[in-house]
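Contents: one structure, followed by commentary.
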Amino acid sequence: KGEFKGKITNIAAINFAKDGTYPAIAEGDLIIHGVTKKTKATGTITVAKGKVSLKSVFKIKITDFNINGSEIGKAIAKELEITVTAAY
2 KGEFKGKITN
12 IAAINFAKDG
22 TYPAIAEGDL
32 IIHGVTKKTK
42 ATGTITVAKG
52 KVSLKSVFKI
62 KITDFNINGS
72 EIGKAIAKEL
82 EITVTAAY
């Protein structure tokens, strides 16, 4: 389980009244396994027919969040890819 508390730092560059896909930058705190780390992620915000969706893909180092191979299996990558999608 993870949680992100932050904001889109370039929100003024996104025209929510016009259909299109806009680059987005989010900065805040990513909380996983009770460990909080400052995180910056890029993604896209898509506006289509008055509906807004968001997508971001970024990587984290598992050791930054006190995750080790013995918790979830011995064969594990040192980084995990996180995919976030949301619809408003």
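Going from the sequence shown to the numbering used here is simple: count from 1 and add 1.
Cβ atoms here follow ideal geometry from the backbone N, Cα and C, with glycine treated the same way.
Three-state class that DSSP yields for residue i in the structure shown
| i | result |
| --- | --- |
| THR64 | helix |
| ILE26 | strand |
| ALA78 | coil |
| ILE12 | helix |
| ALA18 | coil |
Other residues of its chain near residue i: CB distance less than 6 Å, five sequence neighbours each side excluded
| i | result |
| --- | --- |
| LYS38 | LEU31 and ASP65 |
Other residues of its chain near residue i: CB distance less than 8 Å, five sequence neighbours each side excluded
| i | result |
| --- | --- |
| ALA14 | TYR23 and PRO24 |
| VAL53 | PHE17, ILE46, THR47, ALA88 and TYR89 |
| ILE9 | ILE15, ALA25, ILE26, ALA27 and ILE46 |
| LYS50 | ASP20 |
Among the options, the one whose alpha carbon lies nearest that of residue i
| i | options | result |
| --- | --- | --- |
| THR86 | LYS62, LYS79, LEU55 and LYS60 | LEU55 |
| ALA42 | ALA78, VAL53 and GLU82 | GLU82 |
| GLY29 | LYS50, GLU4 and ASN69 | GLU4 |
| GLY7 | THR40, GLY35, LYS19 and ILE33 | THR40 |
| THR154 | VAL36, ILE68, PHE59 and LYS2 | What is shown of the chain runs 2 to 89, which leaves residue 154 out entirely. |
7 Å Cβ shell around residue i - same chain, five flanking residues per side excluded
| i | result |
| --- | --- |
| ASN11 | ALA25 and ILE26 |
| GLY21 | VAL48 |
| LYS62 | LYS79 and GLU80 |
Beta-carbon separation (whole angstroms), residue i vs residue j, contact threshold 8 Å
| i | j | result |
| --- | --- | --- |
| ASN67 | HIS34 | 6 Å |
Residue environment, residue i, which counts as buried when at least 16 other CB atoms sit within 10 Å
| i | result |
| --- | --- |
| GLY44 | buried |
Residue i: CB within 6 Å of a non-hydrogen atom of the ligand MG
| i | result |
| --- | --- |
| GLU82 | Among the components of this structure there are no ligands whatsoever, and the ligand MG is therefore not found. |
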